[in-house]
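The structure appears right after this line, and notes come after that.
There are 2 protein chains.
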Amino acid sequence: MKKPSLIPHAQAGASGIRDLAARLGISIGTVSRALNDKPDVNPETRKRVIAAASELGYVPQQSGRSLRKGATHNIGLLWEIPEGRAAYGEPFFLSLFGGTQQVLSARGYDLVIMPDQPGATADPLARLRRIIQQRQVDALILPWTRTMDPRLDYLAEVGIPFVALGRSRSGGPHPWIDLDFEQAGEFATARFIAAGHRRIAIAIPADSLMQKRFFLAGYRRALKAAGLPFERALVAEGHVTPAGGYAAATRLLDVIPRPTAMLAIDSSMAVGIYRRLAELGLSCGQDVAVIGGVHDTPMTEFLVPALTCFSLDTVALGRRLAEILLARLDSKANPAGELWPIVLVERQSDRID
Amino acid sequence: MKKPSLIPHAQAGASGIRDLAARLGISIGTVSRALNDKPDVNPETRKRVIAAASELGYVPQQSGRSLRKGATHNIGLLWEIPEGRAAYGEPFFLSLFGGTQQVLSARGYDLVIMPDQPGATADPLARLRRIIQQRQVDALILPWTRTMDPRLDYLAEVGIPFVALGRSRSGGPHPWIDLDFEQAGEFATARFIAAGHRRIAIAIPADSLMQKRFFLAGYRRALKAAGLPFERALVAEGHVTPAGGYAAATRLLDVIPRPTAMLAIDSSMAVGIYRRLAELGLSCGQDVAVIGGVHDTPMTEFLVPALTCFSLDTVALGRRLAEILLARLDSKANPAGELWPIVLVERQSDRID
DNA sequence: CATAACGTCGTAAACGTTTACGGACTAGTC
DNA sequence: GACTAGTCCGTAAACGTTTACGACGTTATG
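Chains as they are written, first to last, in the UniProt record's numbering: chain E, 1 to 353; chain H, 1 to 353.
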């Protein structure tokens, strides 16, 4: 009598390579070879095996397979979930995930997103450690690096392949893609200056994200190039959320003389800026020009006035991240970085008309 | 000589329960028992094992463990990623994920989010099948069910424990949580009516989501209760995005006589509605009252005017989903459903003042 | 005809872990 | 002292798969 399966939700009929082999009257070795495209198997037999497998719905079980092969064919993406309700849920990521999964699955890999709450446990690296030590994935994608990023140090130490979204000072050499926030900050600021603005405020994250440094650097560079002074009072740090944008605008618009232009690092902050402008009876575009930053969410063009902000093909970004990682896994590639330009979408919020 | 590990990114020093046992001069069985809180082990030995494990950074490898135990201690969440850039990236989910992960990890489980693109492959269930057949998870969370949902039928067939967000006509009995869209639709409509509105438009998804049916049913119920006629022309179907809201508003505001109130199923549509109102020179609140639906994103209170919409403790929702699933895994619970009320947050968009 | 080469397949070991079973002690009981 | 009970631990068999190796039969080669 067959022992009941340990697996609680075992399917009724199909299960195991053994059953499949028995049903076909061949050995499990042959079945495995047939399904894995190994050479030493009769084309005729292979056909029969594949047919039977699809009929019985047999798919090799992950744990057995990866135990033996030492690879899971899963690519992890460590996703930091901010605590509480305050967070803005980056629509950005959805399409990025789509692009990544698309490329990965074409190569037999799967994307699994592992939510992480660094603040929830004593050890901020707890989840990452578990993922690595339990060998849950073959490689990792790490979105939004920080200036000093212990995650990168840890990953470098254990030597697992990964690709980072964003540069960092931490960790060893590794492949990355970063958006050129410096160029973006410079471009937007220069555009303001060219339009005649002299007092330009900027809103950036309070966090230690790398983006912040670069964005601010670009801003300063443009100021300097135009011979304008850098004023601390025109820089506001806050959450990258509508609430953060509101708080920043509240502070910045109180500065005397009042800034005539505002630059936010992310379009989510622009919503809060819009509100503060309305409260003060200021017209967005007319009295104060606004440029929202990365990213161009599905919402920005429907704001009133439509938000001028930076755009980016997030699907392509997701795809490229996957490609870089796959190349790294094939070890055909040396760790290189890619700096992606982000282009401005001109809409209404920075126009006086 | 030790053979090189098959695992590409094997850590330098630590590896395997064998090394740990050898180092302590005891058998691997004892080590395993010590780490798994099994009874038959000397407290003194247990301490030594735990100390050594944490020193060497030993954590049991997932594949070996789950192969033997027939359980992965992973809970999957199948996340449908819409194709293309058009989609609105539900900020809603971020906090939900946080709540779920929090509860699960307290019980030794982990949440893994598996992005799925049903349209990308010939078989829309491809990814779900792979997850189940490869035994990648012990249980599943399925957000946003449809009226007819093949995923539910499949899950019922294979008998894996799961909890759904949303009801459905498909599948067998299973635990679920749903938001009471019917009550929400009815409440908002009745509120409009009480404020004197007689021509009330509604924007719902074109999709076959269950939410749509219930929301519309509530809307109709309130109309009926007030003796108002139901007009097809006042119902617009579209994408649950700002663009969808814009398109819906464009159609609805052309109806003669023009509606004086608009109800959207989701606050993301409200952004598009706002824009269309502005384009027509109509004042939101004054000329046309607007109530956005579920969910109250971080943005809604910063819109101008602040959006009256339904709110929901998404963190609690995520937590409860996890709890229900855990109860189901302990098989202490029979499949029951929970209907969560969603309360209206009164702000400015539906006020005439 | 002897041998080599080839194509196809079965056998069995391995991957890392958990756990049923039994053995070796010690302590307690009559 | 013989027995039982209890404590702790080692042994070894599983879990499902992949793959190195060798065996077998057939065909080509000399």
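Just so you know, even glycine gets a beta-carbon here, dropped at the ideal spot from N, CA and C.
Would you say F302 of chain E faces chain H, with C-beta separation under 8 angstroms as the test?
Output row for F302 of chain E: interface = yes.
What would DSSP say about R146 of chain E, mapped onto helix, strand or coil?
strand
Roughly how far, in whole angstroms, is the beta-carbon of D330 of chain H from the beta-carbon of L312 of chain H, given that I think they are within contact range, below 8 angstroms?
Actually they do not touch by this definition, with Cβ atoms about 27 angstroms apart.
Would you say G227 of chain E reaches chain H, if we count a Cβ-Cβ gap shorter than 8 angstroms as a contact?
Residue-level contact check: G227 of chain E does not touch chain H, since none of the beta carbons of chain H fall below 8 angstroms from its beta carbon.
In chain H, what lies closer than 8 angstroms to I352 of chain E by C-beta?
Within 8 angstroms Cβ-Cβ: nothing; I352 of chain E doesn't reach chain H, min ~18 angstroms.
In angstroms with no decimal places, state the Cα-to-Cα distance between F97 of chain H and A203 of chain H.
27 angstroms
Based on DSSP bridge pairs, tell me the residues matched to A74 of chain H.
For the record, residue 74 of chain H in the displayed sequence is Asn; it is not Ala. N74 of chain H pairs with H:D110.
Kindly give me the distance between the Cβ atoms of R276 of chain E and Y246 of chain E, rounded to whole angstroms, as I take these residues to be in contact under 8 angstroms.
5 angstroms
If you drop the 5 nearest sequence neighbours on each side, which residues of the same chain put their C-beta closer than 8 angstroms to that of P161 of chain E?
If we look at P161 of chain E and ignore the five residues flanking it on each side, its Cβ neighbours are D138, A139, L140, L325, R328, L329.
Any C-beta of chain H sitting closer than 8 angstroms to the C-beta of S349 of chain E?
no
Does any residue of chain E bring its CB to less than 8 angstroms from the CB of I324 of chain H?
no
Is it true that the CB of V163 of chain E sits closer than 8 angstroms to the CB of L317 of chain E?
no
What are the start and end residues of the beta strand (DSSP E) that includes I202 of chain H?
200-205
Under three-state DSSP, which class holds I177 of chain H?
strand
Whose C-beta lies closer than 8 angstroms to the C-beta of P257 of chain E among residues of the same chain, with five residues either side of it excluded?
Once the five neighbours on either side are set aside, the close Cβ partners of P257 of chain E are R199.
Strictly below 7 angstroms CB to CB, what residues from chain E border Y274 of chain H?
V304
For a quick check, are the C-beta atoms of T300 of chain E and Q348 of chain E less than 8 angstroms apart?
Taking 8 angstroms as the Cβ cut-off, T300 of chain E and Q348 of chain E do not qualify as a contacting pair.
Any idea which residues DSSP pairs I291 of chain H with across the strands?
I291 of chain H is bridged to H:L263, H:T308.
Using a Cβ-Cβ cut-off of 6 angstroms (strictly less than) and excluding sequence neighbours within five positions of A217 of chain E, which residues of its own chain qualify?
E182
Just the Cα atoms here: how many angstroms apart are residue 354 of chain E and T72 of chain H?
No answer is possible for residue 354 of chain E: it lies beyond the span of chain E, which begins at 1 and ends at 353.
Taking the alpha carbon of V41 of chain E as the point to measure from, which residue in E:A52, E:I26, E:S54 has its own alpha carbon closest?
It is E:I26 whose Cα lies nearest to the Cα of V41 of chain E.
Give every residue of the same chain whose Cβ lies closer than 7 angstroms to the Cβ of P118 of chain E, excluding the five residues on either side of it in the sequence, and list them in chain order.
E80, P124
By how many angstroms is the C-alpha of V103 of chain E removed from the C-alpha of L280 of chain E?
48 angstroms
Under a Cβ-count criterion, where at least 16 other Cβ atoms within 10 Å of its own Cβ denotes burial, should N74 of chain H be classed as buried or exposed?
So N74 of chain H counts as buried.
For G57 of chain E, return the contacting residues in chain H, with the cut-off set at a CB-CB distance below 7 angstroms.
Q133
Just the chain E side, please: which residues come within less than 7 angstroms of Y246 of chain H by C-beta, in chain order?
F302
Kindly indicate which residue of E:K212, E:S168, E:R221, E:R169 has the alpha-carbon position closest to the one of I193 of chain E.
E:R221
Can you name the start and end residues of the beta strand (DSSP E) that V163 of chain H belongs to?
162-165
Strictly below 7 angstroms CB to CB, what residues from chain E border S66 of chain H?
At a C-beta separation below 7 angstroms, S66 of chain H has these neighbours in chain E: S63.
Counting beta carbon pairs with one atom in the stretch 260-276 of chain H and one in the stretch 104-115 of chain H, are three or more of them shorter than 8 angstroms?
no
Kindly list, in the order they appear in chain H, the residues whose Cβ is closer than 8 angstroms to that of Q117 of chain E.
From the beta-carbon of Q117 of chain E, the residues of chain H found nearer than 8 angstroms are G98, Q101, Q102.
Answer yes if the stretch 334-350 of chain E comes into contact with the stretch 173-187 of chain E, meaning at least three C-beta pairs across the two stretches below 8 angstroms, and no otherwise.
yes
Rounded to whole angstroms, what is the Cα-Cα separation between L234 of chain E and S170 of chain E?
So the alpha carbons of these two residues sit roughly 30 angstroms apart.
The ligand HEM and G70 of chain E: does any heavy atom of the ligand fall closer than 7 angstroms to the residue's C-beta?
No copy of the ligand HEM appears in this structure; indeed no ligand is present at all.
Whose C-alpha, out of E:G166, E:I291, E:I132, is nearest the C-alpha of E157 of chain E?
E:I132
For chain H, check one thing: does any of its Cβ atoms lie closer than 8 angstroms to the Cβ of P298 of chain E?
yes
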